[in-house]
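Residue numbers (my numbering), protein chains in the order written: chain A, 1 to 220; chain B, 221 to 440; chain C, 441 to 660; chain D, 661 to 880.
There are 4 protein chains.
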Amino acid sequence: MNDTASPTGASAPAADFSTSRLEAFSDGVFAIAITLLVLDLNVPEPEGLGGRSLASALAHQWPAYFAYLVSFLVIGIIWINHHAMCSLARRVDRRTLFANLGLLLTVSVIPFPTRLLATYLVARHEDAHTAAAVYAASMVAMSIAFSLLFLAFTRDARTLHTPVPPEAMRAARRRFGIGGLCYLATVGLAFLSPVAMLAVHALMALYYCFDQLAHARPAR
Amino acid sequence: MNDTASPTGASAPAADFSTSRLEAFSDGVFAIAITLLVLDLNVPEPEGLGGRSLASALAHQWPAYFAYLVSFLVIGIIWINHHAMCSLARRVDRRTLFANLGLLLTVSVIPFPTRLLATYLVARHEDAHTAAAVYAASMVAMSIAFSLLFLAFTRDARTLHTPVPPEAMRAARRRFGIGGLCYLATVGLAFLSPVAMLAVHALMALYYCFDQLAHARPAR
Amino acid sequence: MNDTASPTGASAPAADFSTSRLEAFSDGVFAIAITLLVLDLNVPEPEGLGGRSLASALAHQWPAYFAYLVSFLVIGIIWINHHAMCSLARRVDRRTLFANLGLLLTVSVIPFPTRLLATYLVARHEDAHTAAAVYAASMVAMSIAFSLLFLAFTRDARTLHTPVPPEAMRAARRRFGIGGLCYLATVGLAFLSPVAMLAVHALMALYYCFDQLAHARPAR
Amino acid sequence: MNDTASPTGASAPAADFSTSRLEAFSDGVFAIAITLLVLDLNVPEPEGLGGRSLASALAHQWPAYFAYLVSFLVIGIIWINHHAMCSLARRVDRRTLFANLGLLLTVSVIPFPTRLLATYLVARHEDAHTAAAVYAASMVAMSIAFSLLFLAFTRDARTLHTPVPPEAMRAARRRFGIGGLCYLATVGLAFLSPVAMLAVHALMALYYCFDQLAHARPAR
Chain A
1 MNDTASPTGA
11 SAPAADFSTS
21 RLEAFSDGVF
31 AIAITLLVLD
41 LNVPEPEGLG
51 GRSLASALAH
61 QWPAYFAYLV
71 SFLVIGIIWI
81 NHHAMCSLAR
91 RVDRRTLFAN
101 LGLLLTVSVI
111 PFPTRLLATY
121 LVARHEDAHT
131 AAAVYAASMV
141 AMSIAFSLLF
151 LAFTRDARTL
161 HTPVPPEAMR
171 AARRRFGIGG
181 LCYLATVGLA
191 FLSPVAMLAV
201 HALMALYYCF
211 DQLAHARPAR
Chain B
221 MNDTASPTGA
231 SAPAADFSTS
241 RLEAFSDGVF
251 AIAITLLVLD
261 LNVPEPEGLG
271 GRSLASALAH
281 QWPAYFAYLV
291 SFLVIGIIWI
301 NHHAMCSLAR
311 RVDRRTLFAN
321 LGLLLTVSVI
331 PFPTRLLATY
341 LVARHEDAHT
351 AAAVYAASMV
361 AMSIAFSLLF
371 LAFTRDARTL
381 HTPVPPEAMR
391 AARRRFGIGG
401 LCYLATVGLA
411 FLSPVAMLAV
421 HALMALYYCF
431 DQLAHARPAR
Chain C
441 MNDTASPTGA
451 SAPAADFSTS
461 RLEAFSDGVF
471 AIAITLLVLD
481 LNVPEPEGLG
491 GRSLASALAH
501 QWPAYFAYLV
511 SFLVIGIIWI
521 NHHAMCSLAR
531 RVDRRTLFAN
541 LGLLLTVSVI
551 PFPTRLLATY
561 LVARHEDAHT
571 AAAVYAASMV
581 AMSIAFSLLF
591 LAFTRDARTL
601 HTPVPPEAMR
611 AARRRFGIGG
621 LCYLATVGLA
631 FLSPVAMLAV
641 HALMALYYCF
651 DQLAHARPAR
Chain D
661 MNDTASPTGA
671 SAPAADFSTS
681 RLEAFSDGVF
691 AIAITLLVLD
701 LNVPEPEGLG
711 GRSLASALAH
721 QWPAYFAYLV
731 SFLVIGIIWI
741 NHHAMCSLAR
751 RVDRRTLFAN
761 LGLLLTVSVI
771 PFPTRLLATY
781 LVARHEDAHT
791 AAAVYAASMV
801 AMSIAFSLLF
811 LAFTRDARTL
821 HTPVPPEAMR
831 AARRRFGIGG
841 LCYLATVGLA
851 FLSPVAMLAV
861 HALMALYYCF
871 DQLAHARPAR
């Protein structure tokens with residue numbers, strides 16, 4: 001991390017970047033990924049309706065709406081927690097920028113497994129399991145990337161507004177560990193019931209939204 | 221970050237987030253949703269023209285232009301009013317972030333009912349009614365989400381720059397109620413005349429643009 | 441413009457909004473519109489190549505690259521000039537927000553005429569003329585919207601950092617008038633030579649980039 | 661706006677724009693281009709699977725994932741280096757805005773060669789070479805645009821926070837020259853092995869990420 005070229009470097013932590021552009025770029029990626037999900041909601045072709053009504057064709061697309069809602073919720077929650085995490089930091093170093101890029105990779109790819117799951121959730125069993133496992137695996141990747149980013153943010157106390165107390169760090173690590181294991185378990189669940197896998201992700205997103213970073217924030 | 225670092229918390233409301241990233245993320249979603257609408261304007265395939273001229277094929281697509289314009293106007297108005305609402309607040313709490321996420325869900329989904337309506341506005345009656353009802357229902361959802369966000373923003377006077385006077389709050393609630401009922405009425409209108417439903421939304425958007433949040437703004 | 445609710449309103453111009461969110465939202469729309477253009481560059485289907493090589497199929501798509509470049513340049517120039525115009529203002533009123541929304545409408549629709557022109561530039565004459573006329577007309581609309589926005593920005597000197605001197609205003613109006621007439625002339629040119637129409641827009645964009653708002657900026 | 665309002669203009673360089681909107685617009689384009697890449701990950705049609713499983717159809721798409729990852733990495737690195745470069749400048753002039761627009765053109769077009777390469781990486785040799793050469797050429801264009809932007813940023817020392825020392829400028833120029841030659845070499849490599857060409861770009865992106873602008877940053 002020789003990116004400051006400071007001859008002394010004594011008082012300068014290797015954290016050269018303000019958080020503002022990291023937030024601006026991340027907000028852009030989150031906002032686009034969450035909005036691109038709508039492109040996966042297909043309008044049935046008039047010629048493809050056959051004898052069916054549009055209402056019945058739309059109702060038949062329920063897996064697409066379900067997957068859309070869960071992925072929207074997941075990305076929204078990650079954004080809120082990302083927001084909370086960034087507010088801890090005064091400056092970020094290049095390592096954090098890369099960890100952030102890793103998170104953005106796993107976030108911006110979410111429309112792909114979402115579309116996959118929407119298409120195959122009610123297909124023949126084997127393919128529905130494959131699609132669900134890919135979806136769950138992408139959530140595992142996102143969960144790992146978020147944990148790595150948290151570690152990058154909190155690694156050097158000098159880059160934070162207020163040091164995170166050790167017990168809060170331990171609690172946060174425990175949480176991330178448990179969360180990661182739960183996500184991993186949904187990969188297995190994907191092979192039992194793709195619909196249950198999706199429902200569990202909806203529930204976990206709601207749980208995370210109320211809880212995840214609360215204990216990592218500085219005491220007031 | 222001394223805005224919530226009070227050890228006693230006596231004067232610190234449970235509003236931990238600055239409005240700036242909420243605005244940045246929301247601006248991103250609004251901007252993307254409003255710009256993705258253009259993907260619903262189809263270029264007729266040269267092979268699909270048959271004997272027709274391109275001009276006639278383009279003219280035949282008028283429902284797509286009409287739906288595009290109305291949805292563009294609606295999203296633009298919501299953005300302006302969102303802008304005005306955010307300027308009331310000093311800080312936002314987690315509850316407001318979630319209410320905002322609810323609004324963004326209803327905004328970012330708008331390209332889907334827009335495409336649906338563009339495709340089916342002049343289809344056989346039953347399907348045109350379905351598409352129009354879905355469009356109107358998505359506007360009802362958006363209207364409800366906006367009202368909930370307004371309540372979340374104004375719930376705790378300590379998070380505002382200037383308290384909203386009670387009579388202004390009552391007036392705002394009356395407005396939101398009347399607006400919601402009007403939106404709901406367009407769901408019924410969708411089954412009578414999809415085109416009239418769309419025209420009413422254009423008119424309501426114009427009305428809201430001049431009026432909606434005027435009475436909720438603090439006196440200066 | 442009763443949107444300030446100030447009982448006296450004496451010292452408060454009807455300009456309640458900071459320029460920052462107007463800029464953020466506009467930047468988002470400009471950035472998305474300019475980037476969505478890439479979706480119009482089609483990758484030839486491997487099955488559709490027939491006996492041709494990919495290189496020849498790609499070369500055959502030159503109208504798409506030409507239209508892409510011109511539209512990219514046009515949106516980029518509008519963004520730069522929008523940037524310059526916004527830097528004149530201290531505050532914006534609701535009328536300016538609406539004029540800005542009008543400009544964003546004409547900007548965000550540009551991918552549609554671009555795709556249309558890319559598809560039909562070398563089609564049979566009649567359809568190429570139609571596509572070129574639609575493209576030129578969308579530029580006329582954009583030019584009108586930009587002029588209206590300039591008027592909205594400069595209407596009330598109290599909202600500006602420094603008043604624009606009258607001679608600069610007259611010069612700017614003359615420029616906008618001449619620019620608008622040139623754009624209008626390209627609609628006619630579209631019926632003579634669609635390719636020449638596109639080339640003129642490329643040249644005009646380059647001319648505007650060096651010149652348009654230079655004379656409207658405050659004297660130093 | 662007293663930053664250039666000097667009546668004499670003696671100390672005011674011809675740099676009229678703050679870097680903030682340049683960064684906001686650029687962040688938007690980077691964020692959208694990097695997120696649009698996901699649209700190139702196709703979900704196989706259920707009807708198109710034939711006898712194959714979805715898992716095998718997804719595995720068969722490995723060139724798309726590889727190209728996605730490399731392009732994501734490349735755009736992410738350019739963003740990080742753009743971020744570092746912008747932090748050098750206090751103000752930007754119109755020439756820099758245009759150089760930046762040139763970079764954004766080469767960045768926002770990346771989803772096109774990426775899709776091209778994903779489609780043709782394992783096609784018949786001749787077409788794979790064409791697609792790979794187009795991909796490599798687009799990286800050459802991006803590299804040239806980045807170098808030009810660096811020159812525009814550092815041309816006038818008065819627009820920088822701290823002058824870049826001459827030896828750092830020479831080192832940066834040497835780096836850009838060597839980088840450009842390496843990129844150029846990958847165009848040749850594209851005709852030998854498209855897969856190797858892509859792998860080299862992945863490695864170069866990783867190298868750049870740790871190194872490129874380190875020596876151009878001011879000492880603190």
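Beta carbons are placed, not taken as given, at the ideal position from N, Cα and C, and that holds for glycine.
Query: Buried/exposed call for His601/C, threshold 16 Cβ in 10 Å; Result: exposed
Query: Nonlocal neighbours in the same chain, by C-beta distance under 6 Å from Leu423/B, ignoring five residues either side; Result: none
Query: Collapsed DSSP secondary structure at Ser578/C in the structure displayed; Result: helix
Query: Contact check, Val574/C vs Leu556/C, beta carbons under 8 Å; Result: yes
Query: Close Cβ partners of Ile518/C (< 8 Å) along its chain, the five nearest in sequence each way excluded; Result: Phe470, Leu543, Val547, Met582 and Phe586
Query: Arg531/C (DSSP reduced to helix, strand or coil); Result: strand
Query: Limits of the alpha helix (DSSP H) - the one that Gly50/A falls within; Result: From DSSP, Gly50/A is part of no alpha helix (DSSP H); its letter is neither H nor E.
Query: Beta-carbon proximity check, Ile110/A vs Ala185/A, cutoff 8 Å; Result: no
Query: Beta-carbon gap between Ala719/D and Ala778/D smaller than 8 Å; Result: no
Query: C-alpha distance - Tyr441/B paired with Leu588/C, whole-angstrom precision; Result: Any property of residue 441/B remains undetermined from this structure, which presents chain B solely from 221 to 440.
Query: Neighbourhood of Ser246/B by C-beta distance below 7 Å, restricted to the same chain and skipping five residues each side; Result: His302, Asn320 and Leu324
Query: Closer than 8 Å to chain D by CB, Ile472/C; Result: yes
Query: Cβ shell of Ala497/C (< 6 Å), same chain only, five flanking positions each side left out; Result: Pro484 and Leu489
Query: Short CB-CB distance (under 8 Å) between Glu683/D and chain A; Result: yes
Query: Where Ser853/D falls: helix, strand or coil (DSSP); Result: coil
Query: Limits of the alpha helix (DSSP H) - the one that Leu293/B falls within; Result: Trp282 to Cys306
Query: N-terminal and C-terminal residue of the alpha helix (DSSP H) that Arg115/A is part of; Result: Pro111 to Tyr120
Query: Leu680/C - partner residues in DSSP beta bridges; Result: Summary: the structure shown does not reach residue 680/C, with chain C confined to residues 441 through 660, and so no result is reported for it.
Query: Bounding residues of the alpha helix (DSSP H) (the contiguous stretch that carries Arg461/C); Result: Thr459 to Leu476
Query: Own chain partners of Phe631/C with C-beta closer than 7 Å, once the 5 adjacent residues on each side are dropped; Result: His569 and Ala573
Query: Expected contact under 8 Å - CB spacing of Leu317/B and Ile80/A to nearest Å; Result: 5 Å
Query: Burial state of Ala856/D (16 or more Cβ within 10 Å); Result: exposed
Query: Contact set between Arg530/C and chain B, taken where Cβ atoms lie within less than 8 Å; Result: Correct list: empty, because the minimum Cβ distance to chain B is about 15 Å.
Query: Partners in chain C for Val769/D, counting only beta-carbon separations shorter than 7 Å; Result: Val478
Query: Cβ neighbour criterion (16 or more within 10 Å) applied to Val478/C; Result: buried
Query: Alpha-carbon spacing of Arg170/A relative to Tyr120/A, whole angstroms; Result: 40 Å
Query: C-alpha gap between Gln721/D and Leu88/A, whole angstroms; Result: 40 Å
Query: Helix, strand or coil at Leu621/C [DSSP, three-state]; Result: helix
Query: DSSP-derived helix/strand/coil call for Leu600/C; Result: strand
Query: Assigned exposure category for Glu126/A - 16 Cβ within 10 Å defines buried; Result: exposed
Query: Whole-Å CB distance - Glu23/A paired with Arg241/B, under 8 Å assumed; Result: 6 Å
Query: Neighbour-count burial assignment, Pro706/D, 16 or more Cβ in a 10 Å radius; Result: exposed
Query: Beta-carbon proximity check, Phe153/A vs Ala172/A, cutoff 8 Å; Result: no
Query: Closer than 8 Å to chain D by CB, Ile584/C; Result: no
Query: Where Ala608/C sits in the DSSP three-state scheme; Result: helix
Query: Nearest candidate by alpha-carbon position, reference Leu858/D, set Asp816/D, Ala797/D, Val800/D and Val730/D; Result: Val730/D
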